[in-house]
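Each protein sequence line maps, in turn, to chains A and B.
In this text, residue positions in the first sequence follow this note's numbering: the first is 32, and each later residue adds one.
In this text, residue positions in the second sequence follow this note's numbering: the first is 32, and each later residue adds one.
Don't be surprised by glycine CBs; every beta carbon is placed ideally from N, CA and C.
Keep in mind the model is a prediction, meaning the values are calculated, not measured.
Report on one structure; see the data block that follows.
2 protein chains.
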Amino acid sequence: MPTTLKDISKQSGYSVTTVSRALTGYDDVSSSTRAHILKIADQLGYQPNHAARQLQGQRTMTLGLIMPERMPTYEDDFFSVLLKGITYEAANNGYDVLTSAAHPNQSELDTYKRFVEGKRVDGMIVARTHRNDSRIAYLQSSNMPFIVHGRLTSEEQSNFHYIDVDSQLGLYLVTKHLIELGHEKIGLILPQADLAFTDYRWRGYLNALDDHQLVYRPDYCTHGNLTYQSGLDEADYLLTNYPELTAIIATNDWMALGAIARAEQHGRIVGKDFAIAGYDDIPAASQAHPSLTTVHQPIYDVGVQLTKQLISIIATTPTTYHQTLLKPHLVVRESSGDSR
Amino acid sequence: MPTTLKDISKQSGYSVTTVSRALTGYDDVSSSTRAHILKIADQLGYQPNHAARQLQGQRTMTLGLIMPERMPTYEDDFFSVLLKGITYEAANNGYDVLTSAAHPNQSELDTYKRFVEGKRVDGMIVARTHRNDSRIAYLQSSNMPFIVHGRLTSEEQSNFHYIDVDSQLGLYLVTKHLIELGHEKIGLILPQADLAFTDYRWRGYLNALDDHQLVYRPDYCTHGNLTYQSGLDEADYLLTNYPELTAIIATNDWMALGAIARAEQHGRIVGKDFAIAGYDDIPAASQAHPSLTTVHQPIYDVGVQLTKQLISIIATTPTTYHQTLLKPHLVVRESSGDSR
DNA sequence: TTGACAATCCGAAACGTTTCGGATACTATT
DNA sequence: AATAGTATCCGAAACGTTTCGGATTGTCAA
């Protein structure tokens, strides 16, 4: 049974109140008694009881992140890496991080409610937004500080603090890159339609075609689910139905890697007579063969930024929304090939 | 301000006690009043205050994981992936996960104390053990349930619950594999000497040499720090000083990938006239060129297992140590080449 | 009619902390 | 010598929950 204020009080002869005030640094206690109390607290290895503090209405010094109900894929480490950035930056500022996922027989939203209304955290981080995102709607209706990685779709209002990577720009850049290499018939493998960034990526592709007077062919666009397997599948679909394609853009690297594998099975030599590009720049992208042309997303750093912002939001409750759009950059490697 | 038991009490006309007992399912309240109370609680969207529960001595339904002080490397996602497994499995059992890292001006051990003595968790998970591990010593002296991923070194007593992958076997397998391909002069890049698994991996290498009557050359062994960069550096050192080497085993994949790159700069053709093997089987390993022969570690699953075990330990406080040693398996790919 | 027993409810205390509103004793000012 | 001010301390209440030990009612058997 850990030491409490009462123990220190007994040992030192001072009241619990004074001990508390000494320990939390009020100017209301003489420096000699403070020193005395500090020493005893140290001797006894005092650690404040977190629950008691919280109960009485304090900051929890804890940030919350909830993992999505079903990971889109086992191999997807987006949340893990983000969480790594969040945890370290939180720790730098004296915060801890509470993570969870939906409990059995509970919805993801229930988990948000547990955290928010159970007063377990001072702020929430939400990531991978989707169309009509009920988590965001809920948080807006609560008065829990929160920050979002990503926005809502371009038709929706994003009235909240967010940090997003401009994936419209990202896809514009990679599409432009391929067009400038001479490609005119470019397949596109998008993620699930209800993910908010699908919208932006699609627009980026569209804009690039427009800017170069190329016609947009909706049938060149398919939807995968961010896995390697779906990269295989969708590439297969595109290559068998539209053999005129000379390039494929996949909107994440795992799908791109799948697409490379399948394209080569179709007899295309990726990086030579066929181009493939991805998105994310995961570690495997640089190791792949051919190495993958892609768009770099600094996930760890985004985690750090989100945390920094959220903590400042908690501290200051700003009246205006803090919204940042990071510029991604294109990483040209072998898979997009030389100019044709 | 969220609803409390008192609110429900007022609304329903029953006492706080009865409301509490109705909600937590005592048989001490008639089914009609329970139904009534349940309904009101639902209407009001009642969420129990976690702090109040904890304070009064309940389970926290929270597991703790602390990230190491300095990540050995930015690219190392070991903890992130482990945490992903832990979080999902914990959620499956109604638990949340509290993560942190050392706060400024505090040691890693202080963080353990904060969690344990601040009564913030019901159990702790510790990973990546090192020689003379003070975290484990501390947890043993507390009576907080905990489970460890990894053991202490073979000279130390591992008197605690753990799940480890038998990396001695792992390194034995990969060394044997190379020897059977005809290699006799095999370099070894080990991790930092104070990591507990360094000891086991070294022994595995040694055993394999012994079993095949090959002499052990201590100077063929160097120490890296698990990064790609140190793979470059150590491979460079080995190749320039011991050009007679025909193979290098790196004890993790990132160092192996670095070693491949450097070996090719030294004019070796990896997979042909030179063999390289790694350890971990990270996603990049299968994508690498040449693809990397390595030893598979199921990190996500280990996270799941650890969580399962820890929860059962919390529930039953077993008197005997639960210790599992998982068998890793060799994944042969191109980088170890054909028989010579 | 009485006693025993079950069913249902509730008051009060406790968990460990912070904070509000004083209380006390000393010092400096008039 | 009285007043005001300052420095230092503390009692009690509060946060929201659970639990211990009854209290109240009603039922049923003797």
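Which residue's Cα is closest to the Cα of Gly394(B): Asp284(B), Ser317(B) and Pro321(B)? There is simply no residue 394(B) to check, as chain B begins at 32 and stops at 371 in what is shown.
Could you tell me whether the stretch 32-43 of chain A touches the stretch 42-49 of chain B, where touching means 3 or more Cβ pairs closer than 8 Å? Touching, no.
Given a limit of 7 Å on CB to CB distance, which residues of the stretch 145-176 of chain A reach chain B? Flagged, chain order: Arg145, Glu148, Gly149, Lys150 and Arg151.
Compare the beta carbon distance of Gly218(B) and Ala266(B) with 9 Å and say whether it is the shorter of the two. For Gly218(B) and Ala266(B), yes; Cβs fall inside 9 Å.
Cβ neighbour criterion (16 or more within 10 Å) applied to Glu120(A): Sixteen is the threshold: when 16 or more other Cβ atoms of the shown chains lie within 10 Å of the Cβ of Glu120(A), as they do, the residue is buried.
What residues in its chain sit with their C-beta under 6 Å from that of Gly235(A), if we drop five residues either side in the sequence? If you ignore the 5 residues before and after Gly235(A), its C-beta comes within less than 6 Å of the C-beta of Gln199, Leu202 and Tyr203, all in its own chain and listed in chain order.
I want to see whether chain A comes within less than 9 Å of Ser366(B), judged by CB atoms only; does it? Ser366(B) does not count as touching chain A.
Hey, could you find the ends of the alpha helix (DSSP H) Gly116(B) is sitting in? Phe109 to Asn123 is the extent of the alpha helix (DSSP H) around Gly116(B).
Span separating the alpha-carbon of Ala316(B) from that of Tyr268(B): One alpha carbon belongs to Ala316(B), the other to Tyr268(B), and they sit about 23 Å apart.
Enumerate in chain order the residues of its own chain whose CB-to-CB distance from Thr338(B) is below 8 Å, with the five nearest sequence positions on each side excluded. If you ignore the 5 residues before and after Thr338(B), its C-beta comes within less than 8 Å of the C-beta of Leu94, Gly116, Ile117, Glu120, Ala121, Asn124, Tyr126 and Ile156, all in its own chain and listed in chain order.
Using a Cβ distance threshold of 8 Å, determine whether the stretch 294-314 of chain B contacts the stretch 76-92 of chain B, with at least three qualifying pairs required. Verdict: no, contact absent.
Where does Glu100(A) land, buried or exposed, given buried means 16+ other C-beta within 10 angstroms? Under this definition Glu100(A) is an exposed residue.
Range of the contiguous beta strand (DSSP E) that encloses Gly218(A): It spans Ile217 to Leu221 - the beta strand (DSSP E) in which Gly218(A) sits, taken as one unbroken run.
DSSP three-state assignment for Gln340(A), whether helix, strand or coil: Gln340(A) carries a helical assignment under DSSP once its states are collapsed to helix, strand and coil.
Using only alpha-carbon positions, find the residue among Asp332(B), Arg248(B), Asp284(B) and Ala133(B) that is nearest to Leu357(B). Nearest C-alpha to Leu357(B) among Asp332(B), Arg248(B), Asp284(B) and Ala133(B): Asp332(B).
Opening and closing residue of the beta strand (DSSP E) in which Phe146(A) lies: Unbroken run through Phe146(A) is the alpha helix (DSSP H), Glu139 to Glu148; no beta strand (DSSP E).
Return no unless some Cβ of chain B is closer than 9 Å to the Cβ of Pro329(A). Against chain B, the CB of Pro329(A) has no partner CB under 9 Å away; the residue lies outside that interface.
What residues in the stretch 296-328 of chain B have a beta carbon less than 7 Å from any beta carbon of chain A? Taking 7 Å as the Cβ-Cβ cut-off against chain A, the residues of the stretch 296-328 of chain B that qualify are Pro314, Ala315, Gln318, Ala319 and His320.
Rounded to whole angstroms, what's the CA-CA distance from Thr348(B) to Asp369(B)? Just pull it up for me. Between Thr348(B) and Asp369(B), the alpha-carbon positions lie close to 51 Å from each other.
DSSP three-state label for Val246(A), please. The answer is coil: DSSP assigns Val246(A) none of H, G, I, E or B.
What residues in its chain sit with their C-beta under 7 Å from that of Ile342(B), if we drop five residues either side in the sequence? Leaving aside the five residues that flank Ile342(B) on each side, the residues in its chain whose CB is nearer than 7 Å to its CB run, in chain order, Asn124 and Tyr126.
Which bits of chain A does Glu106(B) rub up against, with CB to CB less than 8 Å? Correct list: Pro314.
Is Asn272(A) close to chain B, meaning its C-beta is less than 9 Å from at least one C-beta of that chain? Answer no: the Cβ-Cβ gap between Asn272(A) and chain B never drops below 9 Å.
Tell me Leu377(B)'s beta-bridge partners as DSSP assigns them. This structure leaves residue 377(B) out entirely; chain B is present only between 32 and 371.
Run through chain A and tell me which residues come within less than 7 Å of Ala83(B), C-beta to C-beta. The answer, in chain order, is Leu86.
Sorted by chain position, which residues of the same chain lie with C-beta nearer than 8 Å to Ala319(A)'s C-beta, five sequence neighbours on each side aside? Only Leu288, Ile291 and Ser366 meet the Cβ criterion.
Would you identify the three-state DSSP class for Thr258(A), choosing helix, strand or coil? If DSSP states are grouped into helix, strand and coil, Thr258(A) belongs with coil.
Distance CB(Leu257(A))-CB(Gln296(A)) smaller than 9 Å: No. Outside cutoff.
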